[in-house]
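Written below as structure tokens is the structure these notes are about.
Chains as they are written, first to last, in our numbering: chain W, 251 to 449; chain A, 251 to 449.
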């Protein structure tokens, strides 16, 4: 990997990934949920879209070999490898100040939505809406009856999910600050983004 | 019902629903999928959001008694009744010109995304993005393995799903023009929107 960016606990970072390059989202210590977003470098109105991706792959989450589509139905990333137990979520919106308010948190609280905005702003980007992210290492399961159950992340130290970019894009990863609902294990810990020419 | 609006086959229509009022999405002839959107009357940047709703209800689709949340996590509608077999979808993006192009359709084709824009424009509205809709009467099932399978609509003539509005909103219903993938049964047929004081 030619570039590695540490995502501090409860913060977000962005890396520019060129078409053809690979990017890994790494769970450094294990058990940490990350919210991953991808925004086209050429047009900030085009970004990875959960709803459009599901239509294309007919799965709740892309697996190795599957593309991630934008809101214009163009592949922006493809999953190339996954060393984790393979439990990820693409059903839940990113946490935001309104989410923490509804959970009864009265003081300011970091969120993946704000982390996205800050990480993009550092690269001169802004998005019109907060896209629904790929919640890597987040274990939400859908029963046959449509009931969703949330389980603590089962990823171990160093586990990663890797993607190849199809178009130049900013990939944002937020170490999810959620500490009210137990989706991460062992406190909020760092993640890493690694960019390179090989998976 | 005080107001009934026919949604012609493959077209879309919008109705203004005041807080406290009820609105039904009716499958007039049966077997027809509809894409339903709700946009806040006071702020077009606030609309029914699939990802935020799932977090709140922990289900793939709201059932009677469940709220539909906006992208600001406010209830905009609640489901009050459902006379259909209860098969609906909130996983798939609205069809749009890009979807039909990917399916090999070379001539212009109506779409729910364009129907949304047209129906909103008739009321002087516009949305920054096409929200992911509530695909009423659309039967998409998620297996325990995360694989999605699509089945033809099982709703019968006159079946409806009813909602109560929590805030003033424009409710848009599109008779889904999808005739390539067999999600509707017996051709593309009309739907209806019925607004009133009672469910």
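Beta carbons are placed, not taken as given, at the ideal position from N, Cα and C, and that holds for glycine.
Inter-residue Cα distance where the pair is residue i and residue j
| i | j | result |
| --- | --- | --- |
| residue 388/W | residue 339/W | 5 Å |
| residue 434/A | residue 444/W | 45 Å |
| residue 297/W | residue 346/W | 19 Å |
| residue 446/W | residue 271/W | 6 Å |
| residue 396/W | residue 341/W | 12 Å |
| residue 281/W | residue 429/A | 44 Å |
| residue 403/A | residue 307/W | 21 Å |
| residue 371/W | residue 365/W | 10 Å |
| residue 274/W | residue 317/W | 15 Å |
| residue 418/A | residue 310/W | 33 Å |
| residue 288/A | residue 407/A | 24 Å |
| residue 293/A | residue 361/A | 25 Å |
| residue 414/A | residue 327/A | 5 Å |
| residue 390/A | residue 283/A | 11 Å |
| residue 357/A | residue 385/A | 25 Å |
| residue 253/W | residue 325/A | 43 Å |
| residue 349/A | residue 398/W | 28 Å |
| residue 257/A | residue 380/W | 31 Å |
| residue 394/A | residue 337/W | 12 Å |
| residue 267/W | residue 367/W | 18 Å |
C-beta atoms of residue i and residue j nearer than 8 Å
| i | j | result |
| --- | --- | --- |
| residue 416/A | residue 290/A | no |
| residue 335/A | residue 405/A | yes |
| residue 474/A | residue 320/A | Because chain A in this structure spans residues 251 to 449, residue 474/A falls outside the shown range and cannot be described. |
| residue 262/W | residue 412/W | no |
| residue 329/A | residue 441/A | no |
| residue 359/A | residue 449/A | no |
| residue 276/A | residue 265/A | no |
| residue 352/W | residue 322/A | no |
| residue 373/A | residue 423/A | no |
| residue 259/W | residue 438/W | yes |
| residue 204/A | residue 378/A | This structure leaves residue 204/A out entirely; chain A is present only between 251 and 449. |
| residue 333/W | residue 409/W | yes |
| residue 355/A | residue 400/A | no |
| residue 300/W | residue 301/A | yes |
| residue 363/W | residue 344/W | yes |
| residue 392/A | residue 392/W | yes |
Range covered by the beta strand (DSSP E) that runs through residue i
| i | result |
| --- | --- |
| residue 419/A | 419-425 |
| residue 399/W | 398-401 |
| residue 385/W | 384-386 |
| residue 411/W | 409-415 |
| residue 328/W | 325-332 |
| residue 390/W | 389-392 |
| residue 315/A | No beta strand (DSSP E) contains residue 315/A, which DSSP labels as neither H nor E. |
| residue 445/A | 441-446 |
Any C-beta of chain W under 8 Å from that of residue i
| i | result |
| --- | --- |
| residue 224/A | What the structure shows of chain A is the stretch from 251 to 449, and residue 224/A is not part of that stretch, so it cannot be assessed. |
| residue 342/A | yes |
| residue 321/A | yes |
| residue 378/A | yes |
| residue 348/A | yes |
| residue 334/A | no |
| residue 413/A | no |
| residue 311/A | yes |
| residue 268/A | no |
| residue 199/A | In the structure displayed, chain A extends from 251 to 449; residue 199/A sits before or after that span and is not available. |
| residue 382/A | yes |
| residue 366/A | no |
| residue 305/A | yes |
| residue 352/A | yes |
| residue 360/A | no |
| residue 308/A | yes |
Bounding residues of the alpha helix (DSSP H) (the contiguous stretch that carries residue i)
| i | result |
| --- | --- |
| residue 349/W | 347-352 |
| residue 365/A | 362-371 |
Min CB distance residue i to chain A below 8 Å
| i | result |
| --- | --- |
| residue 397/W | yes |
| residue 401/W | no |
| residue 394/W | yes |
| residue 302/W | yes |
Notebook entry, point to check: Considering only residues of the region 251-311 of chain A, which uninterrupted beta strand (DSSP E) runs meet the minimum length of 3 residues and lie entirely inside it, listed in chain order?
Noted result: With a minimum length of 3 residues, the unbroken runs of beta strand (DSSP E) contained wholly in the region 251-311 of chain A fall at 253-257, 262-267, 272-277, 284-290.
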